[in-house]
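Read in order, the letters of the sequence shown correspond to residues -17 to -1, 1 to 379 in mature numbering (1 follows the signal peptide of the UniProt record, and there is no 0). Glycine residues also receive a C-beta, built at the ideal position from the N, C-alpha and C atoms. A quick note: this is a predicted structure, and the numbers were derived from the prediction, not measured. Data block below; observations after.
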Amino acid sequence: MVVTVCAVLALASSSLASGPGHLIGIGPHGVSGIVTGAGAIGPAGIVTGLGAVGPAGIVTGAGAIRTAGAVIGAPAVVAAAPAVVAAAPSALTAGAALAAGSELAARSAVAASTALTANSALAAQSSLAAQSSALSAAQASTAARSSAASQLAAAGHAATAAQAAAHARASAENTAASQLAAANEIAVASRASEAALVAETSRQVAVAQVVEGSRQAAAAEASAAAHASAAAQAAAATRVAAAAQINAAAQANAAARANAVAEASAAARADAVARANTAASAAAAAGATAAAQINAAAQANAVAEANAATRAVATQAATANIAAANLAAAAATPVIAAAPVGIGAVIAPAAATVVGPALGGGIITTGGGSVTVTGGGIAVRTPGAAILTRGHGHGW
């Protein structure tokens, strides 16, 4: 699979939304296969392409190939489709494009059997035209959404005006209701004043009647008091005699209660001593049982700690063996330096470690084995190869 990088799509990125991970289209990667935004390929980047992303195999933007960098496909594409190279004036000058074409043409001798033909280049150009049409359709859809938003805003203004009118009507109704309530309160207050006057007159008449009744009752009470005084004197003499009898009985009851309290206190003290002795015996037995349980738990913990230490030693030994095996495998894997930033291709053997620069990287084509890309770069594998990327690398 060959990745063709064209800077022409960068001109269309200004009409697309920026930011992390903005996706346009239907399906896994959209009808037109366009992904914009920051992230793996940097700000204002566009990723399309057959296979993992969409139909055309094009990568532009910052990030993997840097802001001003460009990578132009396989040698056969450069030789057969110079229009693709000339269409990227913001990424390569005319002289740099010719130099890149010459270098890639020299390398085409190794991969001539798998390079794309001129028909493939024409198909790629047709796919680019289709993607441009899809982008125009997306812009038209954006304009339609903007028009719909304007209509919604107008409807919102109309709804706000209707709400204001309803609020004014409700305010007028509230004012009328308040005036009616005030009139009702005045009428109620007037009726209450009349009722209070009648009640006050009735109260004064009732007070006069009560005063007269009280005077008559006082005279009757004075007469009754004289009779009651004589009866009270007789009752007092009777109460004195009864009190003397009650005092004698109370003294006898107090002596009996004192004797009962003394007997109960002695019995309570004896019972408390017996309960204290029983509790001391039970506490001694419980302490012996707890000591035995603590000793058993300590022995079990010691055995568990010894087993854990043995397992930790075994785990450390296994980890050391795995690390040694990984170091041996890494030492046996050849290391291949990647191409300069933005331009170039490296054809790796069946298994190799390709070390790229801090940013950018070029194209790394494997010979069918696993390739590890570190630093930066774009890794393209042949059938059966596995790609591992680290740092800023990208694999297809």
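Around the Cβ of S110, a 10 Å sphere holds 16 or more other Cβ atoms; the residue is buried.
Sequence-distant partners of A144 (beyond 5 residues in either direction) whose C-beta falls short of 6 Å from its own C-beta are missing from its chain. Going by C-alpha positions, A274 is about 12 Å away from A266.
In this structure, the CA atom of A201 is about 31 Å from the CA atom of V223.
Between the alpha carbons of A113 and T302 lies a distance of about 55 Å. Within a 10 Å sphere around the beta-carbon of A226 sit fewer than 16 other beta-carbons, which makes this residue exposed. In this model, A203 and V171 are separated by some 47 Å (Cα to Cα). In this model, I169 and L163 are separated by some 10 Å (Cα to Cα). The C-alpha of A218 is placed about 16 Å away from the C-alpha of I229.
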